[in-house]
Structure formats: C-alpha cells, structure tokens
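Novice: Let me begin by handing over the structure; questions about it come next.
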Amino acid sequence: MTVSDKLAPNKSRATTREPGPKPDFLVVEDHLKCQTSEGEISLDLRIPIERLELFMDMDGIEEKKLPKYLRDDILWPEDRDKIVSMRDGAKAFQILLKYAETIGERMGASLGESSPSTPSSESTGGPSDSTSDAISD
C-alpha cells in the first residue's frame with residue numbers, strides 16, 4: 001500500500017454480489033424456463049382444452065410411452081422441436097417430466113385443488129379460536 005493510497009478518501013468497501021446460478025426449472029408467467037447445457041429452453045404452458053383432456057388421460061399410459069405422448073400430443077409443435085433437437089436426451093426427458101408436473105399443478109390450481117397457504121382447522125384437529133372467543137381482562 002502506498003502513501004497516496006493511505007491518504008486517499010476511504011472508498012466503500014462493499015463488494016457487489018454475483019447472482020447465483022439460475023435454477024434448472026422456473027415458471028415465469030405462462031412459460032417453463034429450463035436451463036440446459038445448450039442454453040435456456042422456454043416451453044409454453046398454455047394449452048387448449050383438447051390437449052388438457054388428453055393430458056388427463058395420461059394415467060392409463062405406460063410410463064415408458066409418456067415422453068412420446070407428451071411430445072406428440074401435448075406440446076406445441078415449436079416446443080416439441082426444441083425438445084427433439086436437444087443432444088442430451090436425459091435432460092430432455094427431465095424437462096418433459098417437469099413440464100407434465102407443472103401442467104398438473106396449473107390444472108390443480110385452476111380446479112381449486114391448490115394447497116392452502118395457512119393451515120386450516122381440518123389440519124389442526126379442531127376449530128380455530130376466533131377473536132370473539134378470547135377472554136378480555
């Protein structure tokens with residue numbers, strides 16, 4: 001350290017933090033953003049009712065046939081092309097599974113099956129005390 005460094009006004013020693021790595025999967029509005037070694041892939045989560053009905057029929061399909069079913073019958077053609085053109089088939093498979101999971105969550109929320117943000121009286125075993133039940137001194 002030089003004399004001029006010692007005499008210089010004290011600069012803020014705060015360091016800038018680098019942003020952390022992006023998560024592998026992130027829902028942004030109506031799209032599933034997927035981080036891959038080939039870059040980010042964005043899949044549209046908005047699908048018409050006919051495809052939602054096909055999606056609901058997936059329970060009867062063998063597990064090994066699900067990726068093809070999702071690609072051929074559920075995904076938009078432009079999203080299908082993104083998945084099919086990936087070099088990493090294992091990552092493409094992960095993306096398809098996450099896509100199906102996310103569509104299912106969206107359907108559950110739209111059908112009123114989302115999990116509550118706070119515990120209800122059903123989960124506590126009895127009714128909650130209301131403010132009128134409180135005894136004032």
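Residue 62 in the UniProt record's numbering sits at position 62 of the sequence shown, with consecutive numbering throughout.
Glycine included, C-beta positions come from ideal geometry on N, C-alpha and C.
None of these values were measured; they are calculated from a predicted model.
1) Would you kindly report the start and end of the unbroken alpha helix (DSSP H) that includes L43?
2) Only counting the same chain, and skipping five residues up and downstream in sequence, which positions put a Cβ closer than 6 Å to that of S42?
3) For the beta strand (DSSP E) holding K33, just list the boundary residues, first then last.
4) Distance check for E18 and L52, CA to CA, integer angstroms please.
5) Could you have a look at L75 and say whether DSSP puts it in helix, strand or coil?
6) So the candidates are V27, F25, G39; which of them puts its Cα closest to the Cα of K82?
7) Using beta-carbon positions only, say whether L96 and P77 come within less than 8 Å of one another.
8) Please list the terminal residues of the continuous alpha helix (DSSP H) segment that includes L66.
9) Report all residues from its chain with a CB closer than 6 Å to the CB of Y69; omit the five preceding and five following residues, and keep chain order.
10) Which value, in whole angstroms, describes the spacing of the CA atoms of K65 and I47?
11) Measure how close the beta-carbons of K98 and F25 come, nearest whole angstrom, since I'm counting them as under 8 Å.
Specialist: In brief:
1) No alpha helix (DSSP H) holds L43; the beta strand (DSSP E) holding it covers 39-44.
2) H31, K33
3) 31-36
4) 40 Å
5) Taken through DSSP and simplified to helix, strand or coil, L75 comes out as coil.
6) For the set V27, F25, G39, the Cα lying nearest the Cα of K82 is the one of G39.
7) No, the pair does not count as a contact, with Cβ atoms beyond the cut-off.
8) 66-69
9) I61
10) 20 Å
11) 5 Å
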